[in-house]
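Participant: Read in the working numbering, the sequence shown has 295 at position 26, and its numbers run on one by one without any break.
No residue lacks a Cβ here, since even glycine has one placed at the ideal position from N, Cα and C.
Model, not experiment: these values are computed from the prediction.
Please find one structure pasted underneath; my questions will follow.
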Amino acid sequence: MIEVLLFAQLQEEAGKDKILLDIKEITVKEIKEKLQSQFHLSQVKESMVAVNEEYALDGDIIQTGDTVAIIPPVSGG
270 MIEVLLFAQL QEEAGKDKIL LDIKEITVKE IKEKLQSQFH LSQVKESMVA
320 VNEEYALDGD IIQTGDTVAI IPPVSGG
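This is the structure:
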């Protein structure tokens, strides 16, 4: 299992703060695409991703047991 933590707007859109994915291996880019298609998260493609508390790039591999945090862009005024 891969644990995906959602924050801010993404959490509100999904209606939950955590998603568990039964996947052995996936890239950061692929997990963003999967979350976009399954949960229709508006800002997931622009979001930063951290894997096990370290920022990750689109080509990085996520494996079973990893914790992924999806951090949407910050806006303010």
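Got a sec? Which residues, its chain only, sit under 6 Å from Leu310 by beta carbon, not counting five neighbours each side?
Facilitator: On the sequence shown, residue 310 is found 41 positions in, with the first residue counted as 1. Closer than 6 Å at the Cβ level, and outside the excluded window around Leu310, lie Leu279, Glu282 and Leu304.
Participant: Report yes if the CB atom of Asp286 is closer than 8 Å to the CB atom of Leu275, and no otherwise.
Facilitator: In the sequence shown, residue 286 corresponds to position 17, counting from 1. In the sequence shown, residue 275 corresponds to position 6, counting from 1. Contact: yes.
Participant: Pull up the distance between the alpha-carbon of Ile300 and that of Gln312, whole angstroms please.
Facilitator: Stepping through the sequence shown from its first residue, residue 300 is reached at position 31. Stepping through the sequence shown from its first residue, residue 312 is reached at position 43. Going by the C-alpha atoms only, they are around 13 Å apart.
Participant: Just to confirm the assignment: which complete beta strand (DSSP E) runs, minimum length 3, are found wholly within the region 291-339?
Facilitator: Runs found: 294-296, 317-320, 323-325 and 330-332.
Participant: Report, in whole angstroms, the separation of the C-beta atoms of Thr336 and Glu294, which I expect to be a contact under 8 Å.
Facilitator: Counting from one through the sequence shown, the residue named residue 336 turns up at place 67. Counting from one through the sequence shown, the residue named residue 294 turns up at place 25. Not a contact, Cβ separation roughly 15 Å.
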